[in-house]
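Undergrad: Next up is a structure, given as structure tokens.
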Amino acid sequence: MTVPLDRHYLVEFKVSAERVSQLRRIIAAHLRHWSLELHIRPVCRGVEELLTNVHRHVGDDNNCVVELRWSGRHLTVSVADNGSEMPRLLSAGGGGLSRVMALSDSWGTCRTPEGKVVWFTRYAEEPDSVGLAPLPPLPGVREFRSPPAVVAAPVAEPVTASGPALV
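Position 69 of the sequence shown, counted from 1, bears residue number 70 in the numbering used here, the numbering being contiguous throughout.
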């Protein structure tokens with residue numbers, strides 16, 4: 002499957018504590034551009050967790066690649082680094098891969114010739130497009146305070162013992 006160019010983003014950089022917050026803002030901007038505002042917080046928290054793990058376990062100034070791919074249904078985020086040690090899901094703590102697991106629909110790791118990749122996905126369906134026609138204004142306070150319109154009562158027809166009168 003080919004992902005359209007506007008639904009794919011890749012950045013390569015050297016890992017440092019300052020770059021983690023910068024990359025978080027860049028990813029948030031891309032998600033806004035793709036109209037995925039509801040996913041900004043969990044995706045950014047997941048990426049921040051993965052990058053913090055790279056910084057903590059692989060070290061400063063190591064090459065890292067963050068990639069976003071959105072198919073229109075699923076958003077896949079991957080973080081590749083040049084560390085040889087594979088990450089482990091720890092039962093205690095609540096951070097690391099446990100947090101990534103909680104923020105995503107699926108996740109995984111794989112070795113590469115240069116190191117490893119850790120990825121996660123979220124179901125992110127394309128939002129419905131909203132028409133550009135403006136909606137009529139809602140009634141204001143002035144319309145609600147005006148007196149109710151007077152409606153004339155219907156005129157009753159005279160009734161005789163045998164039924165309604167014929168004209």
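Beta carbons: idealized from backbone N, C-alpha and C, even for Gly.
(1) In the structure shown, what three-state DSSP assignment does Ala-125 receive?
(2) Taking the CB atoms as reference points, tell me whether His-56 and Gly-84 lie closer together than 8 Å.
(3) Return the CA-CA distance between Leu-104 and Trp-35, expressed in angstroms with no decimal places.
(4) Looking at the strands, I want to know which residues DSSP matches up with Glu-13.
(5) Under the rule that 16 or more other beta-carbon atoms within 10 Å means buried, what is Val-1, buried or exposed?
(6) Between the C-alpha atoms of Glu-50 and Pro-137, what's the straight-line distance to the nearest angstrom?
(7) Using three-state DSSP, classify Thr-113 as helix, strand or coil.
TA: Once the coordinates are examined:
(1) Along the sequence shown, one-based indexing puts residue 125 at 124. Residue state, collapsed to three classes: coil.
(2) Sequence index remark: in the sequence shown, residue 56 carries index 55 (1-based). Sequence index remark: in the sequence shown, residue 84 carries index 83 (1-based). No, these two residues do not count as a Cβ contact at 8 Å.
(3) Looking up residue 104 in the sequence shown gives position 103. Looking up residue 35 in the sequence shown gives position 34. The alpha-carbon atoms of Leu-104 and Trp-35 are separated by roughly 19 Å.
(4) Start at 1 with the first residue of the sequence shown, and residue 13 comes out as number 12. Looking at the DSSP assignment, Glu-13 forms a beta bridge with Val-66.
(5) What the structure shows of the chain is the stretch from 2 to 168, and residue 1 is not part of that stretch, so it cannot be assessed.
(6) On the sequence shown, residue 50 is found 49 positions in, with the first residue counted as 1. On the sequence shown, residue 137 is found 136 positions in, with the first residue counted as 1. Taking the straight line joining both Cα atoms gives about 45 Å.
(7) Residue mapping note: residue 113 aligns to position 112 of the sequence shown, counting from 1. Residue state, collapsed to three classes: coil.
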